[in-house]
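Residues in the sequence shown are numbered from 1 upward in steps of one, following UniProt numbering.
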Amino acid sequence: MDMALEEARLAASRGEVPVGAVLVRQGEVLARAGNRTLELNDPTAHAEVLVIRMACEALASQRLPECDLYVTLEPCPMCAGAISFARIRRLYYGAGDEKGGAVDHGVRFYASPTCHHAPEVYSGFAEAEASQLLKDFFRSRREE
Ligand SMILES: [Zn+2]
1 MDMALEEARL AASRGEVPVG AVLVRQGEVL ARAGNRTLEL NDPTAHAEVL VIRMACEALA
61 SQRLPECDLY VTLEPCPMCA GAISFARIRR LYYGAGDEKG GAVDHGVRFY ASPTCHHAPE
121 VYSGFAEAEA SQLLKDFFRS RREE
């Protein structure tokens with residue numbers, strides 16, 4: 001999660017929403033990324049989607065069944081879906097996201113009958129730090 005936080009800080013320094021993600025398989029880091037939606041002009045370039053794409057490419061597989069994903073913020077509906085399609089084993093997230101989350105808030109995608117694979121979910125890792133990064137980021141944007 002420290003590495004994911006580092007990616008979130010790097011994202012903030014690029015002017016991106018500070019969310020970072022890391023994909024791990026058996027203790028080995030396969031991919032790490034922060035949000036890049038502005039840089040890539042791509043609304044799907046969330047940290048989770050980016051690490052899934054990188055890891056799938058590295059493993060030449062569309063599924064990541066032995067992989068665990070660490071992300072600083074509760075995944076949105078798109079990312080929750082991508083994590084499910086990638087068959088990721090465990091999801092560890094930092095701060096909950098009442099407004100945009102889709103795991104423990106909103107659509108609660110993994111509990112829905114149309115979800116065909118749900119990862120094990122663990123939350124609250126470095127929660128204070130992850131949410132402070134977001135608060136600072138949005139505060140500084142309002143002041144601009
Ligand atoms: Zn997302």
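Beta carbons are placed, not taken as given, at the ideal position from N, Cα and C, and that holds for glycine.
Q | Inter-residue Cα distance where the pair is residue 97 and residue 89 | A | 21 Å
Q | One or two residues paired with residue 92 in a DSSP bridge | A | 70 and 122
Q.
With a threshold of 6 Å on Cβ separation, who are the neighbours of residue 48 within its own chain once the five nearest residues in sequence on each side are excluded?
A. 21, 71, 75 and 79
Q: Check whether the Cβ of residue 51 sits closer than 8 Å to any heavy atom of ligand 1, and report yes or no.
A: no
**Q.** Environment of ligand 1 in chain order, Cβ to heavy atom below 6 Å
**A.** 46, 48, 75, 76, 78 and 79
Q: Using the Cα positions of residue 61 and residue 108, report the straight-line distance between them to the nearest angstrom.
A: Going from the Cα of residue 61 to the Cα of residue 108 covers about 27 Å.
Q. For residue 44, which residues from the same chain have a beta carbon less than 7 Å from its beta carbon, with the 5 sequence-adjacent residues on both sides left out?
A. 78
Q | Range covered by the alpha helix (DSSP H) that runs through residue 98 | A | From DSSP, residue 98 is part of no alpha helix (DSSP H); its letter is neither H nor E.
**Q.** At least 3 beta-carbon pairs within less than 8 Å: the stretch 25–34 vs the stretch 51–60
**A.** yes
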